[in-house]
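Here is the structure we will look at, set down as structure tokens.
Residue numbers (the working numbering): 1381 to 1612.
Laid out in structure tokens, this is it:
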């Protein structure tokens, strides 16, 4: 396997019901199997193509840039990871924050309009629609009716995929230096967007494990989560 999109597809084929991501937040606990996470990824990929932001059959060069501002504020959130995977499937490069020249901005519930097309993610544990600002699209409302599968993937390993610290990476370089995680790992206070996606998404995909995402959770609660999720 050479890139994360292939790893996710293999995981869905081999262990679709196995947990991939478990999110802890003030609103409660949300568990996503490989199949359910992939459904959100595929819905988002299809929306990107329908909106003309991506072309899966004839990907433009250079790769269009997505400003994933959500990654700066919520680096360890499953919605951030879903957008990353959708962008990579669609042949987009991702900046984990504001970016000049971006064709799309994706932020959290408070995202305001400005610049290119802007999408807000409600962060609701069940991905229910939110109440975005005027001129801002709601992610859940936009993608919910999209098909759960996609028919093509922009999989050129040389395409730009990551445009942020600690350095730019192509699609084929995303897994370089990633240590496989065969068991559940706890991600609580990542050092930034790249450590969050590396340890919370790429490592479990590479190792067949899962990630428990618990950002901004008190230390005492983390101990309870470790015990409940059987994290060594």
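Glycine included, every Cβ here is placed at the ideal spot set by N, Cα and C. Treat the numbers as computed from the prediction; the structure is a model and nothing was measured.
If you draw a 10 Å sphere on the C-beta of residue 1579, you find 16 or more other C-beta atoms in it, and that means buried. Looking at the DSSP output, residue 1404 sits in a beta bridge with 1409.
A direct Cα-to-Cα measurement between residue 1550 and residue 1571 gives close to 22 Å.
The beta carbons of residue 1590 and residue 1543 sit no closer together than 8 Å.
Counting along the chain, residue 1587 sits inside the alpha helix (DSSP H) bounded by residues 1583–1587. Linking residue 1535 to residue 1471 through their CA atoms gives a straight-line distance of about 7 Å. Residue pairing from DSSP leaves residue 1424 without any beta-bridge partner. Look at residue 1580 here: in three-state DSSP terms it is helix. Distance from the CA of residue 1451 to the CA of residue 1575, rounded to the nearest whole angstrom, comes to 11 Å.
Per DSSP, reduced to three states, the secondary structure at residue 1382 is coil, with no helix or strand assignment. Listed in chain order, the non-local C-beta contacts of residue 1460 below 6 Å within the same chain comprise 1450, 1451 and 1454, local neighbours out to five positions each way being set aside.
Secondary structure note for residue 1464: its alpha helix (DSSP H) is the uninterrupted segment 1458–1470. Segment contact: the segment 1391–1402 against the segment 1498–1518, fewer than three CB-CB distances shorter than 8 Å; contact not assigned. The secondary-structure analysis by DSSP pairs residue 1550 across a beta bridge with 1540. Taking 8 Å as the cut-off, the beta carbon of residue 1582 is found closer than this to the beta carbon of residue 1384.
With contacts defined by Cβ atoms closer than 8 Å, residue 1609 and residue 1564 form a contacting pair.
DSSP, reduced to helix, strand and coil, places residue 1391 within a helical segment of the structure shown. The C-beta of residue 1391 has 16 or more other C-beta atoms within 10 Å across all chains shown, which makes the residue buried. In the three-state reduction of the DSSP assignment, residue 1493 falls in the coil class.
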